Amino acid sequence: MLLSKRLSPTHGLVVLSLLINFSLRAQDSSIPESTPVPITTELDSIEQDSVIVAIQNEIDAFLKAGESTKALYTLIKLTEEYGHRADYAKSYETAWKALSIADTNDNQVVKSHIYRRLGAMYSFSKRKDESIKYLQLSLDIIKDLVKKGRMKEEYLLNHYYTFTYTYRGLEEPKMAKKYLDSCYIYYSEKQEQVYMPYIKFEEAYVLQEDGKYGEAEKILEEIEPWFQENAPSYLVLVYAYWAVIYKKTGQLKKAASYYHKALDISDQHKSHMDFTPYIHEKLAEIYKLSGNYKEGYNHLYKAKALTSVFFDGRSKNNISLMEIKNEYRLEKERQQEIIRQQRMEKLEQQDKILMLQRIILATSLIFVIVIGFVYVKHIRSKHRAEKRLIEKTKALEMQKANELLETKNKELAASTLQLVEKEEFLKKLKTELQGEDGSVKISEINRVLKSISAGNANNWEEFKLRFTDVNKDFYKKLNSTYPNLSQTDQKICALIKLNLSSKDMARLLGISTKSVHTTRHRLRKKMGLQRSDNLEELIASL
């Protein structure tokens, strides 16, 4: 999981310089050449290591059970194991295999872990741009998941920590410090992604690069017990950087002691083996400074041999790595092209469907509008027809009512004239009876006279009933508008309504024509009419 500090081209020059220097000094001082210590990388035994076999069996079991996510996490674990043992070819191969499975699984979290691991591996060979590229891809995935609320912010810690130790391996302490600050921001004691001693170790490196050796050593003393108990293999790095502090402060004996402790831990746990060439190189420098050239030469020889094994392209362990082709990338590009074409076809199909839906919707909308327009037009036409019919019916009813009213008024007028004629006849008869003498009895005459008077009153009542039946609202409107009219006034108004002449009125009422005129004059005053107002029109409107 953790990135070790690698040998740079500068280190190669130092190694070559020291080899030449040691050879010259050995000849000058007549120191006998010692037989070089054989370098055993144990890579063959590592391939058969029980840990590797156990992890591979676990992966096979997960894949057989269809648990691809668990298999992916175990593959990531295997890449780390190969990385610690400097078997980069298998580490790369396993990482790309995991990424290929993750593409079909579409698990963003797993992809993030694989990208992070690839970034770390690219930093092994100082391929900074590719390393940072994959680390950033990993970080971006987690940031997006955090933004969407699918992961907590504390999960960002692991990725900032990876940036920190990657920049340490790339020998860029300023950038390492930048990401170290982010680690402290997102650190939480409740999470178990990165324990505080790992972060403290990176802080010790930054302090050491700033020349604050005392503070750096104090931190290393604090975290050593935790690593001894929980992650002893990581002490390879702890002791190696501790030795750097002693070397820089002139404590060469302590520096050599801690470098040897780091080598012992690496050999014991088969961990951080790719870091051992750097340790042997530094031991060679220390032995040179202390005058022990033989021992320095031996360590320099080991450094050169291990560098060749771990980093030289001619090494049998790295031949396969150098021959790695872009099969995964080509296959991925092919798959992406197929997916792109499928998406294009799908989008085109969706566009066609969308266009068809729009056409159907537009046609349906136009059809509904047309139907609605026709329906509304039909309703309006029907309404207008019904309205015309109602108006025509009302007009007919009104016409019939007026005709009926006119007919009844004519009948009433005729009846009234008959009454007038009857009254004239009776008056004439009365006159004749009063003018006769002789044979007619006085009592009979009185009886006839009483009969005539009663008939006159009855005739008016009969007229009033028939008039009221034809003109039902006349008296109601008349009394409502002019409540101070007398019975005689009301009679005159009724006769005026029938368009009777003053003479006919006088004959019907049994009064003189002059009395009728007098009554009409008094009636105009009661009604408040002016000289220009027409009494007949006013009464006809009631």
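Here the sequence shown stands for residues -26 to -1, 1 to 516, numbered as in mature numbering (1 follows the signal peptide of the UniProt record, and there is no 0). By construction, the Cβ of each residue, glycine as well, lies at the ideal position given by its N, Cα and C atoms. Only a predicted model underlies this, so the values are computations on that prediction, with no experimental measurement involved.
| Asked | Found |
| --- | --- |
| Between the Cα of Y158 and those of K148, D114, E145, E176, spot the shortest distance and give me the residue it belongs to. | E176 |
| Put V180 into one of helix, strand or coil per three-state DSSP. | helix |
| Can you give the Cα-Cα distance for T48 and E32, rounded to whole angstroms? | 7 Å |
| Determine the burial state of H491: buried for a count of at least 16 other Cβ atoms within 10 Å of its Cβ, exposed for fewer. | exposed |
| With H, G and I counted as helix, E and B as strand and the rest as coil, what does DSSP make of G57? | helix |
| If you pair each beta-carbon of the segment 221 to 228 with each one of the segment 198 to 212, do three or more pairs fall below 8 Å? | no |
| Could you work out which residue in A279, K44, H87, K151 is closest to E54 when comparing CA atoms only? | H87 |
| Helix, strand or coil: which one does DSSP assign to G185? | coil |
| Looking at the structure shown, is I485 part of a helix, part of a strand, or coil, going by DSSP? | coil |
| Out of Y161, I173, V180, state which residue places its alpha-carbon closest to the alpha-carbon of M149. | V180 |
| Figure out for me which residue from G57, D34, R481 has the closest Cα to the Cα of E398. | R481 |
| Expressed to the nearest angstrom, what Euclidean distance is found between the alpha-carbon atoms of E67 and A39? | 23 Å |
| Is the beta carbon of I106 sitting closer than 8 Å to the one on H133? | no |
| What are the complete alpha helix (DSSP H) segments, minimum 4 residues, inside the segment 94 to 163? | 102 to 121, 130 to 143, 147 to 160 |
| Express the C-alpha separation of Q315 and D325 in angstroms, rounding to a whole number. | 15 Å |
| What did DSSP end up calling H491 once you bin it into helix, strand or coil? | helix |
| Q182 and Y215 look like a contact to me (Cβ under 8 Å); what is the Cβ gap, rounded to whole Å? | 7 Å |
| Using the Cβ count rule (16 or more neighbours within 10 Å means buried), how would you classify P251? | buried |
| Going by the CB atoms, is the gap between M95 and G57 shorter than 8 Å? | yes |
| To which residues of the same chain is S97 closer than 7 Å at the C-beta, ignoring the five residues directly before and after it? | L(-24), S105, T140, G143, L144 |
| Span of the alpha helix (DSSP H) holding P251? | 250 to 263 |
| Where L130 and V84 are concerned, what is the direct C-alpha to C-alpha distance, given to the nearest angstrom? | 14 Å |
| For the alpha helix (DSSP H) that N453 lies in, which residues bound it at each end? | 448 to 455 |
| Is the beta carbon of I260 sitting closer than 8 Å to the one on A230? | yes |
| At the level of alpha carbons, what is the spacing between D184 and D34? | 48 Å |
| State the CB to CB distance for the pair D463 and T493, rounded to an integer number of angstroms; the pair is presumed to be in contact (CB under 8 Å). | 7 Å |
| Just the C-alpha distance for Y187 and Y172, rounded to the nearest angstrom, thanks. | 18 Å |
| In terms of residue numbering, what span does the alpha helix (DSSP H) encompassing A217 cover? | 209 to 222 |
| Figure out for me which residue from K152, K151, E189, I193 has the closest Cα to the Cα of M170. | I193 |
| Would you please state the rounded distance, in angstroms, between the beta carbons of E255 and L237? I believe it to be under 8 Å. | The Cβ separation is near 12 Å, so there is no contact. |
| Just to confirm, is the Cβ distance from Q30 to L52 under 8 Å? | yes |
| Quick check: what's the CA-CA separation for I513 versus E435? | 21 Å |
| Note the first and the last residue of the continuous alpha helix (DSSP H) segment covering D80. | D80 -> no alpha helix (DSSP H), and no H or E assigned at all. |
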